[in-house]
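Here's the structure, in structure tokens; my notes come after.
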Amino acid sequence: MTAILLFCIAEEAKPFVYQAMNTKVPDSDVGLFWLVEKRAAPGPNGQRLKQDLKQDEPFETEFIGASEDDCQAWAMEMQYRDNQILQDHIAILDTRSARDGTVLMKCYVHPPGLVLGEEGELGVFPKESDKWYGFRIELRHVFEFSSQFQDSMTWPVYFGLKEELTDANGVFDVEKAGRVCSGKEPGYDVIVR
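Note that my numbering gives residue 48 to position 62 of the sequence shown, counting from 1, and the numbers run on in steps of one.
This is the structure in structure tokens:
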């Protein structure tokens, strides 16, 4: 089963790494994340990515002080070297994660994105592709977010309603997005499944 690359870029977020690493795929004991500790390539001759981390187990990360761009660049270069990595999705724990328990999910959208209609007359989601997009979400919603986002038919909701589904604190409402996508949220005509 594939897992999401997890980067910790702030020293104060290191305690939160343990909580993130204990997040499992629903109805299983499989970890949701691969912890990236080193800048070396993953694989048999490179670094071993951790999918489990015990509460008292020490770990180091060479990404403290790294930027989002650094993490994205590493993921783009290294993700294809291991078929257990969920491609084009990364999770970043930063200074804010340490304060409020949120995760910055970054997802890369390849061209041309989702084109609705023969020539895009019904919309193109997102408006720009070949770039990374960020969604700040609660840790408990990472699996749901990642599962939904892999289906490009949810993109009209994720991109078209992003501002509306993001609260005053900048946290995207994954549960509501799921209800809108499935047609179970009153007041929305957008049904993608």
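For each residue, glycine too, the CB sits at the ideal point set by N, CA and C. Since the structure is predicted, the reported quantities are computational estimates derived from the model, not experimental observations.
Under the three-state reduction of DSSP output, His127 falls in the helix class.
Note on geometry: alpha-carbon atoms of Gln58 and Gly173 lie some 36 angstroms from one another.
Comparing alpha carbon positions, the residue from Lys36, Ala(-4), Glu46 and Val160 closest to Ile(-10) is Lys36. Across the set Pro97, Tyr4, Asp56 and Leu147, the C-alpha of Tyr4 shows the shortest separation from the C-alpha of Glu46. Contact between Met64 and Ala27 holds, with the beta-carbon distance rounding to 6 angstroms and staying under 8 angstroms.
Within the DSSP bridge table, the entry for Met91 names Ala77 and Phe121 as partners.
Assignment of beta-bridge partners to Thr152 by DSSP yields Phe158. Here the C-alpha atom of Gly169 lies approximately 10 angstroms from the C-alpha atom of Ala163. Within a 10 Å sphere around the beta-carbon of Thr88 sit 16 or more other beta-carbons, which makes this residue buried. Beta-carbon to beta-carbon, Thr81 and Ala6 are separated by about 15 angstroms, too far to satisfy the 8 angstroms threshold. If you check the CB distance, Asp56 and Phe49 come in under 8 angstroms. Rounded to whole angstroms, the Cβ separation of Pro142 and Phe121 is 15 angstroms, and the two are not in contact under 8 angstroms. In the displayed model, Lys36 falls within a strand according to three-state DSSP.
Distance check between Val16 and each of Ser138, Thr(-12), Ser115 and Glu130 places Thr(-12) closest, using alpha-carbon atoms only.
When only Cα atoms are considered, Tyr66 and Thr140 end up about 24 angstroms apart. Unbroken beta strand (DSSP E) runs of no fewer than 3 residues, entirely contained in the segment 39 to 78, are not found. A straight line joining the alpha-carbon of Leu21 with that of Val11 spans about 15 angstroms.
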